[in-house]
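*Asks:* Taken in order, these protein sequences are the chains called A and B. Under our numbering, the first sequence is numbered contiguously, ending at residue 699. Under our numbering, the second sequence is numbered contiguously, ending at residue 157.
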Amino acid sequence: MQKDISISVNKIDNYEKISGCAKYVNDVQIEGALYAKTFRSPIISGEIVSITVPKLPDGYFAVDYRDVPGKNGVKIIKDDMPIFAEKILRYFGEPILLIVGPQKSVVQSLINKIILETKLIEPIYDESNIAINYHYEKGNPQNAFSSANRIFEYTYQTGYQEQAYIEPQGMIGYSEGDKITLIGSIQCPYYVKNAVLLALGCSSEQVRIIQPAVGGAFGGKEEFPSLMGCQLAVAINKIHKPIRLIYEREEDIEVTTKRHPAIIRMKAAVDSDNSLVAISSDIRLDGGAYLGLSNVVLSRAMIATTGAYTIPNVDCSGIVYLTNTVPNGAFRGFGAPQIFYAVEMFLNHIAKDLGIDPLDFKMKHLAKQGDLTSTSGTFRDPILMNDLIKRALEISDYRRKSQKYKLENQLRGMGISLFFHGCGFTGSGEATIIKAQVKLHKDEQDNVDILIAAVDMGQGVRTTMSKIVAHTLGIPMDKVRFPYPDTDFVPDSGPTVASRTTMIVGGLVAKAAQKMHDRWQNGVADTVIEQYVQPDYIVWDEATFHGDAYPAYSWGVNIVDVSVDKVTNQVTLEEAWSVYDLGKAIDDLVIKGQAEGGITQGFAYGYLENMEVKNGKVRQKNMTDYIIPTALDTTKITTELIDNPHAGGPYGAKGAGELTLIGGAPAVAMAIENAIFRRVHNIPVTPESIMELIEYGNR
Amino acid sequence: MAIVKFTLNHQPVTVQSDLNRRLLDVIRNDFNLKGLKEGCGEGECGACAVLINHEIVNSCLFVLANVEGKEVITIEEFAKTKRFTVIKEAFAKMGAVQCGFCTPGMVIATESLLHKNPHPTEMEIKVALSGNLCRCTGYNMIVEAIQEAAKAGEGLW
């Protein structure tokens, strides 16, 4: 009898990380590497009239759009973002050129001497430049609204959030003959490779991407590094010397992608027995200056517009509008944190208007196995939300505390959120776009190498994948190796995003390991390649948002107890509880880490992390201005799991990485709302906004 | 340019350099010790922490001139000690490590705390860690690791 796979093991990279031996990109030494820095747009919106670069000393170079041999567009979805601006400048800090040379101080002084003449164009910050407009329906929402007993309508707003990985963005590269190698702090080696191929217009074997240790990412290193990779590759292609492009924190905060601010209008039809019969929503995302991944973020948000509930009639619209501000992009949750915040608050507010208990109202509408999803797909697996909620209420003593705090009226409140996350790419993305492939190789000493492009950025994938292989093959962990991904050696198993790595890639790795197991011969080398095949029941029409958006869903309940300071309006998290269904944990301690880290980011999104863009510029310049939680901001967190194995995942595992962030903001916002007896509509709920709410807010 | 003498990882060293250079750059570039990391460059994140005369210091804010005559210990040297082994095992056991970028700084912070206070309370640990940012863990697992290290390393500090 084998041990339960969930029992934790010593993570394979613990020692190298604790001792400081792990090599991150800035620790990689390449003899003679030049230093590169980006000259950026000093204006928010305009046209380049002329650029005068000072005379460059020997060994110094300027690299701009004229040096791009292929397409001057970063391959993301629509390749709309230039690698280097040519004429039009669309945001403050947009890259124009690189100055490259041996001395950092000289490079910086050359940058300071560049003279840029521009013609200003009136910047756009409103919704006048709509890039994406989606709409879908389920049932017959028009009828439902026209025959509704009551109609409710509220608007919710969410702010920016910065990923704030502790290791800033960075990349270093070199050339050998006509081949360029880039080593970078990245989530998606093949995204960078494919972007560089388009930029250089060269063949696949001429570009190699290697991932070293990555110091956190959270989506921030999903698409952004493709831009840096293209710039660096173009520079190396021109100069033929190794070059280092590492951001400092201020530059990183100023110009890298952030979570999309959203305005979400929600409207609901309720019938005479207080049932929600229809929901209509309008989700508006500020994409920033370029589209990037914004349309995919929008679709993930739209698909979750009914939250964890089954509502028979749905009318959902969404837009992405472009503004002259820093481009927004991937961030853990990818549209879900915005929409779950809105839905959870909305149902809470409807229940309060109806004079009924918000949790009872929500539980009455919970999605069940066999129900149609918002996009008329089917929830095929058992949904254990009732068990999750029951357990969360027990361990938190939610009902009693809620009642007690309400009666005491001492600025203390409980909040609860119910949510899910669709695991893997939306719709048929895995089959039509990603086409993941994994490879296992066994040598004659029976050591097994895992050859996949999945990046360990802290979420422990090197350990969990190794565990899956060791467990399936019945061999010790130390016979399994997971080298850092290198596109010269690993197939494209897809990007490390969308809570897909354990379920999709891990599922393929388990299948490959099973094949290897079934034909195992001691001392004989063997290679197994496994290709993703989409389950045939998944049918998705991207144009109409109709069908199964995801193969599986992970579910969660968060509860938090907060107090608000009477004088300063500071929020203190008193305690938090979570219960999740993520199928099956591949490693309990890794999941605990995801749960605690995720909810901490989620709470902070709701009340602490405040980023403003005023007149086209990010006002928070560094980690002093942009406050992320410190050890003193945390509270005791209790996390429990309820197993609910999914047939498509390895050992029943589903996605876990993003789920744990999604419920934090609605739970904390609701707890603050209950503490101050005022309706909360916008996050983050900062002390300033609490002061205003207490003064002017609605009960 | 000036000459600065100090002790780095128990070895006397001499650096001839601009006095305004950051200790961070001197250690990482001149001595090729890459265990300390630059996360913010402004003393907020603690990833660049070293011990100077047994006090935790952000090396990004410390200029070379100020290190004259002092004793600097980096993670590389500390990693050779028994106390490190205890901390390492506690961090591994409690799941205190995710991306690892803040971890060497967290280890230095742990040593600095336990050196002064071998039996810290939970709040004392949180205060001691408040100059070290971690974006992955939410901190509790690091706090638990330090409690575990204090227990397992009884008598070492």
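Built from N, CA and C at the ideal position, the CB exists for glycine as well.
#1: I want to see whether chain A comes within less than 9 Å of residue 1 of chain B, judged by CB atoms only; does it?
#2: Does residue 720 of chain A come out as helix, strand or coil in the three-state DSSP assignment?
#3: Output the boundary residues of the alpha helix (DSSP H) element that contains residue 139 of chain B.
#4: So, at 7 Å on beta carbons, what are the nonlocal neighbours of residue 459 of chain A in its own chain, with the 5 sequence-adjacent residues on each side left out?
#5: Ordered along the chain, which non-local residues of its own chain (more than five positions away) have a Cβ less than 8 Å from that of residue 761 of chain A?
#6: Cβ closer than 8 Å: which chain B residues qualify as neighbours of residue 556 of chain A?
#7: If you scan the region 78 to 149 of chain A from start to end, which runs of the beta strand (DSSP E) of 3 or more residues do you find wholly inside it?
#8: Between the region 196 to 227 of chain A and chain B, which residues of the former have a C-beta closer than 9 Å to a C-beta of the latter?
#9: Near residue 321 of chain A, what residues of its chain come up, given a Cβ to Cβ distance below 8 Å and the 5 sequence neighbours on each side ignored?
#10: How about residue 12 of chain A and residue 462 of chain A: do their beta carbons lie closer than 9 Å?
#11: Residues in the same chain with beta-carbon distance under 8 Å from residue 675 of chain A, minus the five sequence neighbours each way, listed in chain order, please.
#12: Looking at the C-beta of residue 11 of chain B, does it have a partner C-beta in chain A at a distance below 9 Å?
#13: Is the CB-CB distance between residue 556 of chain A and residue 662 of chain A below 9 Å?
#14: Under 9 Å between C-beta atoms, does residue 19 of chain B make it to chain A?
#15: Compare the C-alpha of residue 73 of chain B against each of B:65, B:42, B:56 and B:60 and name the closest.
#16: Taking the straight line between their C-alpha atoms, what separation do you get for residue 247 of chain A and residue 34 of chain A?
#17: Kindly give me the distance between the Cβ atoms of residue 491 of chain A and residue 439 of chain A, rounded to whole angstroms, as I take these residues to be in contact under 8 Å.
#18: Does the region 323 to 334 of chain A come close enough to the region 390 to 410 of chain A that 3 or more CB-CB pairs lie under 8 Å?
#19: Got a sec: which bits of the region 599 to 623 of chain A sit with their beta carbon under 8 Å from any beta carbon on chain B, in order along the chain?
#20: Following the continuous beta strand (DSSP E) through residue 7 of chain B, name the residue where it begins and the one where it ends.
#21: Got a sec: which bits of the region 56 to 78 of chain B sit with their beta carbon under 7 Å from any beta carbon on chain A, in order along the chain?
#22: Three-state secondary structure (DSSP) at residue 440 of chain A?
#23: Excluding the 5 residues flanking residue 568 of chain A on each side, which residues of the same chain have their C-beta closer than 8 Å to its C-beta?
#24: At the 9 Å Cβ level, is residue 75 of chain A part of the contact set with chain B, yes or no?
#25: If we call anything under 9 Å between Cβ atoms a contact, is residue 245 of chain A one with residue 170 of chain A?
#26: Measuring alpha carbon to alpha carbon, tell me which residue in A:387, A:315 and A:416 is nearest residue 139 of chain A.
#27: Near residue 18 of chain B, which residues of its chain fall below 6 Å by C-beta distance, leaving aside the five closest residues on each side in sequence?
#28: Short of 7 Å in beta carbon distance, which residues of its chain neighbour residue 241 of chain A, apart from the five on each side in sequence? Order them along the chain.
#29: In chain order, which beta strand (DSSP E) runs of at least 3 residues are fully inside the region 62 to 148 of chain B?
#30: Since residue 597 of chain A meets chain D, which of its residues come closer than 7 Å, beta carbon to beta carbon?
#31: Could you tell me the alpha carbon to alpha carbon distance between residue 384 of chain A and residue 101 of chain A, rounded to whole angstroms?
#32: Say yes only if the C-beta of residue 167 of chain A is nearer than 8 Å to one or more non-hydrogen atoms of the ligand GDP, and no if none qualify.
#33: Check the Cβ-Cβ distances between residue 120 of chain B and every residue of chain A, and say whether any is below 9 Å.
#34: What do you get for residue 94 of chain B, buried or exposed, if any count of 16 or more other CB atoms within 10 angstroms of its CB means buried?
#35: Would you mind telling me which residues of chain A sit closer than 9 Å to residue 44 of chain B, beta carbon to beta carbon, in chain order?
#36: Mind listing, in chain order, the continuous alpha helix (DSSP H) runs of no fewer than 4 residues lying wholly within the region 613 to 681 of chain A?
*Replies:* Taking the definition as stated:
#1: No, residue 1 of chain B does not count as interfacial toward chain A.
#2: Given that chain A is displayed from residue 1 to residue 699, the structure contains no residue 720 of chain A and the question cannot be resolved.
#3: Careful: residue 139 of chain B lies outside any alpha helix (DSSP H) and carries neither H nor E.
#4: 594 and 657
#5: Since the first and last residues shown for chain A are 1 and 699, residue 761 of chain A lies out of range.
#6: Within 8 Å Cβ-Cβ: nothing; residue 556 of chain A doesn't reach chain B, min ~15 Å.
#7: 95 to 101, 115 to 120 and 130 to 138
#8: 213, 214, 215, 216, 217 and 218
#9: Around residue 321 of chain A: 126, 127, 128, 129, 130, 131, 284, 285, 286 and 287.
#10: yes
#11: A distance below 8 Å between beta-carbons, with the five flanking residues on each side excluded, links residue 675 of chain A to the following residues of its chain, in chain order: 405, 411, 412, 413, 562, 563 and 564.
#12: no
#13: yes
#14: Nearest CB-CB separation between residue 19 of chain B and chain A: not below the 9 Å threshold.
#15: B:56
#16: 14 Å
#17: About 5 Å separates the two Cβ atoms, so the contact holds.
#18: no
#19: For the region 599 to 623 of chain A, the residues whose beta carbon sits under 8 Å from a beta carbon of chain B are, in order, 599, 600, 601, 622 and 623.
#20: Here the beta strand (DSSP E) through residue 7 of chain B covers 2 to 8.
#21: 75 and 76
#22: Strand, per DSSP.
#23: 687
#24: no
#25: yes
#26: A:315
#27: none
#28: Within the same chain, residue 241 of chain A has close Cβ partners 32 and 34.
#29: 71 to 73
#30: No chain D is part of this structure, whose protein chains are labelled A and B.
#31: 59 Å
#32: This structure simply doesn't include the ligand GDP, nor any ligand for that matter.
#33: For residue 120 of chain B, the closest Cβ of chain A is not nearer than 9 Å.
#34: buried
#35: 249, 622, 623 and 624
#36: 659 to 662 and 664 to 676
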